[in-house]
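A.B. asks: Attaching a single structure in structure tokens format; questions to follow.
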Amino acid sequence: MTQSAPGRLRVATTSLAGCFGCHMSFLDIDERLFELAQHVVLDRTPLTDIKRCGPCDVGLVEGGVCNAENVHVLREFRRNCRVLVAVGACAINGGLPAQRNHLDLGTCLQEVYLTEPGLARGCMPDDPELPLPLDKVHPLHEVVKVDYFLPGCPPPAEAIWSFLADVVAGREPRVPRELIRYD
Amino acid sequence: MSGRESFLLDGTPVPFAPGETVMQAALAAGHYIPHLCYHRDFKPHGSCKVCTVRAGGQTVASCTLPAQPGLEVESATPELEDNRRTLVQMLFVEGNHFCPSCEKSGNCLLQAVAYELGVLSADLDHLFPSRPIDASHPDLLLDFNRCILCELCVRASAEVDGKGVFALSGRGIGKHLIVNAESGRLVDTAIAATDKAVDVCPVGVILRKRVGFAVPIGRRRFDVAPVSAQAKGDAPRPPREKERR
Amino acid sequence: MAAMPATAPTVDPFLDQVLARHGADASALVQILRDAQARDGWLPPATITYLAARLGVPRARVEGVAGFYAFLYTSPAGRYRVLFADNVVERMAGSEALRERLCTSLWIERGKVSEDGLVSVDTTSCTGMSDQPPSLLVNGRAIAGLDERRVDEIAELVREQVPLDAWPAALFAIDDNVRRRDVLLASDLAPGEALRASIARGQDEALERAGNERSWRERMPALPQGPALTLEEIKHSNLRGRGGAGFMTGLKWEACRTAPGPVRHVVCNADEGEPGTFKDRVLLARHADLVIEGMTVCAYVVGASSGFLYLRAEYEHLLPGLRETLARRRGAGLLGARIAGVPGFDFDIAIHVGAGAYVCGEESALIESLEGKRGIPRNRPPYPVTHGYRQQPTVVNNVETFCAAALVAARGGDWFRSIGTPRSAGTKVLSVAGDCARPGLYEYPFGVTVREVLADCGARDPQAVQVSGPSGICIGAAEFDRRLGFEDLPTAGAFTIFDGSRDMFEVARGYAHFFAHESCGFCTPCRVGTTLLCNAMDKVAEGKGSRHDLARIERLNRLLQASSHCGLGHTACNPVLDTMKRFRPAYERRLCSTQFEPAFDLDGALARARAMTGRDDAGAHLLDESPGAAEAERAR
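Just so you know, the sequences run in chain order A, B and C. My numbering numbers the first residue of the first sequence as 39 and each following residue consecutively. My numbering numbers the first residue of the second sequence as 27 and each following residue consecutively. My numbering numbers the first residue of the third sequence as 97 and each following residue consecutively.
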């Protein structure tokens with residue numbers, strides 16, 4: 039599935055600050071996955087476990103941007119994907135993770151790691167391996183240019199299918215009105 | 027209908043009664059013009075500007091535009107629709123709208139108008155304001171994050187409930203909804219869960235407690251039919267009915 | 097149910113006195129709140145509760161009004177409230193450094209009240225002192241011509257807690273700076289002269305016969321023809337409103353005169369708030385009689401019995417002089433009952449002081465403010481001429497329009513229309529400010545070229561002129577032969593000059609912030625759009641803007657033009673668009689070479705987490721993405 043094949047579109051997917059619910063909805067296209075596999079080759083995605091994204095036709099990104107690593111992954115996708123798609127509420131407006139945006143990040147970290155009652159020996163994690171959180175969670179389009187948006191929490195499987203079918207067929211993707219949902 | 031004067035909405039004749047605005051006449055005839063702050067029970071307000079049309083060489087809010095015989099009104103043009111999309115997107119970035127957790131989802135006019143206009147994302151930079159909720163009242167919840175400043179609750183509480191529970195303060199981007207109490211808390215106002223002001227909120231700011239999700243997502247007003255198919259439901263009531271009320 | 101918070105005392109003699117002064121009338125709410133604020137320097141919640149109860153209106157309404165106006169404070173602002181005027185001319189004269197100097201000297205942070213509650217230092221919009229910048233207001237009183245010595249003196253007076261009334265009078269001295277006089281500024285019209293001329297018209301038999309052939313509605317039996325014939329003179333003069341829009345004054349007066357209703361009002365719009373203008377300050381200080389005369393002539397013509405002079409809060413220092421003028425004219429029978437001895441000609445004027453809101457310069461917002469409400473422009477139609485103050489027929493004219501109308505009434509329409517150009521009769525008073533040797537007032541017949549004005553005021557190396565302020569138009573050197581007038585460059589009077597050393601991008605950015613600050617917030621496009629415009633301009637200023645941001649600014653502008661509720665929103669993008677068109681390099685040199693830049697500072701967004709974790713390793717930073725990163729990766 040990961041071998042490049044002539045005439046097939048190369049697609050990558052990832053989840054930033056998301057719940058993988060959009061990926062689940064993607065899998066909900068059910069038996070049409072077989073049809074899709076005839077037209078699509080998967081690059082970096084949790085389904086293949088490929089760690090780095092190569093040049094792709096389409097990148098589907100779920101989740102908002104909440105930390106430095108999210109920024110690096112999103113930039114990698116933007117650099118490599120001809121068409122970048124923000125998939126789902128979190129990617130489009132920050133979604134659930136962005137509900138922390140009215141809180142001060144410092145106070146949050148302090149409470150969680152230092153002052154929370156019951157903490158035996160609180161300490162602030164400072165390992166360079168850990169990505170630092172941004173002070174707010176942002177939608178993708180505030181960090182890189184986004185070409186298409188698939189709203190929904192998650193977007194209906196039909197909407198994802200319809201989008202990919204358009205791309206495969208070489209049509210300008212258009213989400214049908216009845217498939218636009220934000221909830 | 028015959029014998030009444032009419033104007034043209036996107037080329038279609040729309041009859042109107044004396045004193046009606048373009049919006050009122052259009053809705054009564056079943057023609058949808060996207061709108062947020064307009065409500066059939068209240069005097070047109072003209073603040074959301076989503077209903078802006080082109081008439082007589084000018085762009086103007088159709089909810090406050092008096093209907094005139096022969097007036098040519100354009101509404102469904104790509105340019106006007108594009109402006110409407112941007113206005114709706116502005117409202118989305120101005121507040122904090124997280125539909126998946128909102129009890130109003132599916133009954134929300136902002137969401138329905140956005141669907142209607144094909145809005146896929148806010149596409150503008152979010153302002154992420156900090157707007158603490160007010161859960162002080164035993165029966166009602168105020169979530170200011172979703173407020174679009176249409177003033178319908180302000181108008182309903184003053185004109186129908188006779189209480190003046192709501193008002194606006196601040197100005198510009200700092201404009202915000204306030205309640206009629208020195209404490210600033212809803213519990214200290216005269217509001218009741220049966221007030222018109224509670225029902226009239228087009229978005230999820232004023233919510234009754236303990237009745238959430240009685241109708242499941244997917245079976246709500248705008249899940250059943252798009253807002254454009256419900257134009258007549260927003261049309262002004264016939265005057266006789268109003269008088270009886 | 098939670099316990100009600102402690103409320104105001106049952107009787108508050110001070111507030112009762114304030115209420116009594118204004119007839120305990122909620123339509124005087126803005127005046128009541130201004131006066132109530134005098135006690136504590138702000139409006140504590142209990143004060144708002146008390147006033148609402150006594151006025152019999154919902155408390156939220158009073159709080160809503162208090163929250164609308166910049167000079168009404170719902171949180172403590174210090175016993176000395178220092179507000180530096182903050183427009184581009186003030187900045188060019190060094191206001192920012194002086195503000196910092198004062199803050200440093202008083203050990204306070206800008207915008208914050210000192211811990212002892214003594215003083216706060218902040219900024220406000222233009223205060224009408226652009227001819228003598230930098231300037232500030234301290235507790236509403238204007239001090240202009242600031243320099244380091246004056247700022248240090250002010251700091252000392254505040255530290256010593258010297259009462260404002262005991263500050264040296266020289267500090268409050270304001271120059272008129274009248275540089276070029278024409279028919280208006282050189283007028284020697286005696287008080288009552290225009291009125292007597294108007295009344296005399298009705299006594300001319302030939303004119304009376306002519307007048308009788310016209311339809312007219314009048315309620316003054318003794319000399320019925322004077323108003324109709326004076327209106328004919330005003331119409332014949334081609335006088336157009338001086339506030340910018342240029343509506344024919346005669347038509348406005350006629351529409352009010354013929355509108356049904358028993359009571360009419362005349363309102364003078366002295367809410368001069370356009371950044372860079374100050375002409376009304378001088379007209380009201382030195383030609384108050386002419387202004388009042390014009391209002392009275394208008395009352396005579398339209399049959400009005402009540403008048404208002406809506407004075408912007410920044411011009412509070414003009415109040416004593418204006419009150420004195422009104423009193424003198426009442427004494428001379430030129431105001432009050434039976435004016436100039438004409439039975440039934442009863443008219444008087446009340447001064448209404450604003451509270452810091454540029455949008456109230458829009459006539460229907462001004463009327464809302466007069467009625468004690470938030471200054472929100474009304475839906476129109478109906479227009480104020482038929483449904484104005486208290487929904488009654490109302491004429492609202494600019495200060496300068498009333499001056500010109502008085503001249504027309506005295507000297508006739510023929511005389512007036514012989515001055516200026518065919519479509520722009522008469523003269524225009526310009527507020528010349530910015531980069532020139534002699535800022536001040538210049539009065540010219542309409543039709544004067546920008547170049548002539550620049551030469552007269554001693555402008556060296558001018559690269560741009562902002563004509564009519566930020567809501568007007570910004571022109572470059574190639575257009576200096578254009579003429580001021582309704583045919584070409586309409587103007588309300590502001591004439592702000594920028595020399596070759598000025599950065600026109602920064603000029604436009606300052607104006608964008610002005611509009612966002614002054615947006616009333618009623619309509620979506622202006623409320624949100626002006627803020628998004630500021631954010632976009634700030635992003636470009638920080639060197640983080642891309643073509644994507646410029647495209648977004650253009651889209652915002654289209655929307656604001658097409659769907660804003662009033663002129664503020666329609667014009668809010670003008671300074672940016674004008675400068676983008678004429679001074680493109682000022683934008684280009686700030687743009688990143690990329691097509692897209694993040695909406696926020698990515699590395700800055702990690703600062704809080706860095707501080708909390710004490711990390712500063714490479715992974716704790718987000719560097720800008722270099723344009724070549726994509727190629728580099730592909731090459732690997």
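Ideal Cβ placement from N, Cα and C applies to all residues, glycine included.
Find out if the Cβ-Cβ distance for the pair C/V455, C/E614 is shorter than 9 Å.
C.D. replies: yes
A.B. asks: Using a 10 Å radius around the Cβ and a threshold of 16 neighbouring Cβ atoms, would you call C/R305 buried or exposed?
C.D. replies: Low local confidence applies: a pLDDT of 49 at C/R305 is under 50, so the model's placement there is unreliable, with the coordinate-based value given in what follows. With fewer than 16 Cβ atoms within 10 Å of its Cβ, C/R305 is classed as exposed.
A.B. asks: Take C/E458 as the anchor and find which of C/L585, C/G543 and C/L664 has the nearest alpha-carbon.
C.D. replies: C/L664
A.B. asks: Within a Cβ cutoff of 7 Å, which residues of the same chain sit near C/E517, ignoring the five residues on either side of it in sequence?
C.D. replies: Glu is not the amino acid found at residue 517 of chain C; the sequence shown has Thr there. Only F542, G543, G581 and E583 meet the Cβ criterion.
A.B. asks: Could you list which residues in chain A have their beta carbon closer than 9 Å to that of B/A148, in chain order?
C.D. replies: Here the neighbours are I130, N131, P177 and H179.
A.B. asks: I'd like to check one pair, B/F154 with A/N139: are the Cβ atoms closer than 9 Å?
C.D. replies: yes
A.B. asks: Should C/S564 and C/P586 be called a contact, given that it needs their Cβ atoms to be closer than 9 Å?
C.D. replies: Taking 9 Å as the Cβ cut-off, C/S564 and C/P586 qualify as a contacting pair.
A.B. asks: On the three-pair Cβ rule with 8 Å, is the stretch 494-506 of chain C touching the stretch 178-195 of chain C?
C.D. replies: Taking a cut-off of 8 Å for Cβ pairs, the stretch 494-506 of chain C and the stretch 178-195 of chain C do not touch, as fewer than three such pairs fall below it.
A.B. asks: Would B/Q137 pass as a contact of A/Y220 if the rule is Cβ separation under 9 Å?
C.D. replies: yes
A.B. asks: Is B/H202 close to chain A, meaning its C-beta is less than 9 Å from at least one C-beta of that chain?
C.D. replies: No, B/H202 does not count as interfacial toward chain A.
A.B. asks: Tell me, please, whether the CB atom of C/N631 is closer than 9 Å to any CB atom in chain B?
C.D. replies: yes
A.B. asks: Return the CA-CA distance between A/M62 and B/A55, expressed in angstroms with no decimal places.
C.D. replies: Their Cα atoms are separated by approximately 44 Å.
A.B. asks: Are there 16 or more other CB atoms within 10 angstroms of the CB of B/K258, so buried, or fewer, so exposed?
C.D. replies: exposed
A.B. asks: Among all the DSSP beta bridges, which residues are the ones paired with C/L656?
C.D. replies: In the DSSP output, where bridge partners are listed per residue, C/L656 has none listed.
A.B. asks: For A/V109, go through chain C and note every residue whose CB falls closer than 7 Å to its CB, in chain order.
C.D. replies: Residues of chain C passing the Cβ test: L698 and L718.
A.B. asks: What does B/G132 touch in chain A if you count any residue whose Cβ is under 8 Å from its own?
C.D. replies: D221
A.B. asks: Can you list, in chain order, the residues of the stretch 45-79 of chain B whose Cβ is nearer than 7 Å to any Cβ on chain C?
C.D. replies: G72, S73, C74, K75 and T78
A.B. asks: Give the residues of chain B in contact with A/N139, contact being defined as C-beta atoms less than 7 Å apart.
C.D. replies: For a Cβ distance threshold of 7 Å, residue set F154 of chain B lies close to A/N139, ordered along the chain.
A.B. asks: For the stretch 186-197 of chain A against the stretch 119-127 of chain A, are there 3 or more C-beta pairs whose distance is under 8 Å?
C.D. replies: yes
A.B. asks: Just reading off the beta strand (DSSP E) that C/E410 is part of, what are its end residues?
C.D. replies: Run containing C/E410: none; DSSP gives neither H nor E here.
A.B. asks: Quick check on DSSP: helix, strand or coil for C/L494?
C.D. replies: In the sequence as displayed, the identity of residue 494 of chain C is Asn instead of Leu. Three-state result, C/N494: strand.
A.B. asks: Within the 9 Å Cβ cut-off, does C/H666 reach chain A?
C.D. replies: no
A.B. asks: Restricting to Cα atoms, I'd like to know which of C/Y538, C/T620 and C/C669 is closest to C/C630.
C.D. replies: C/C669
A.B. asks: Less than 6 Å between C-beta atoms, sequence neighbours within five positions excluded: which residues of the same chain meet that for B/L178?
C.D. replies: H65 and V226
A.B. asks: Going by other Cβ atoms of all chains shown within 10 Å of its Cβ, with 16 needed for buried, is C/R310 buried or exposed?
C.D. replies: Annotation note: pLDDT 39 at C/R310 (below 50); position unreliable, coordinate value reported separately. So C/R310 ends up on the exposed side.
A.B. asks: Which runs of the alpha helix (DSSP H) spanning at least 4 residues fall entirely within the stretch 102-150 of chain A, listed in chain order?
C.D. replies: 106-118, 127-131 and 143-148
A.B. asks: In chain A, which residues lie less than 7 Å from B/I243 when you measure between Cβ atoms?
C.D. replies: D221
A.B. asks: Can you name, in chain order, every residue of its own chain whose Cβ lies under 8 Å from the Cβ of C/E314, other than the five neighbours on each side?
C.D. replies: Interpretation of C/E314 is limited by its pLDDT of 44, a score under 50 that renders its predicted location unreliable; no figure is taken from the coordinates.
A.B. asks: If we ignore side chains and look at the alpha-carbon of each, how far apart do C/G471 and C/A409 end up?
C.D. replies: For C/G471 and C/A409, the distance between alpha carbons rounds to 14 Å.
A.B. asks: Measure the CB-CB distance between C/E389 and C/A502 and report whether it falls below 9 Å.
C.D. replies: yes
A.B. asks: Using only the alpha-carbon positions, how far apart do C/P317 and C/Y396 sit?
C.D. replies: Confidence at C/P317 is low in this model, with a pLDDT of 39, below 50, so the placement of that residue is unreliable and no value is reported for it.
A.B. asks: Rounded to whole angstroms, what is the Cα-Cα separation between C/N308 and C/G298?
C.D. replies: Because C/N308 sits at a pLDDT of 44, beneath the cut-off of 50, its placement in the model cannot be relied upon, and the following sentence gives the value as read from the coordinates. Each residue's Cα considered, the two are about 10 Å apart.
A.B. asks: Skipping 5 residues on each side, what residues in its chain have a beta carbon closer than 6 Å to that of C/L115?
C.D. replies: R150
A.B. asks: Anything in chain B within Cβ reach of C/H613, meaning under 7 Å, just list it in chain order.
C.D. replies: G198
A.B. asks: For a contact meaning CB atoms closer than 9 Å, what does C/E244 contact in chain A?
C.D. replies: The contacting residues do not exist; C/E244 stays about 38 Å from chain A at best.
A.B. asks: Under DSSP, the beta strand (DSSP E) around C/N670 begins and ends at which residues?
C.D. replies: Element bounds for C/N670: not the beta strand (DSSP E) but the alpha helix (DSSP H), N670 to R678.
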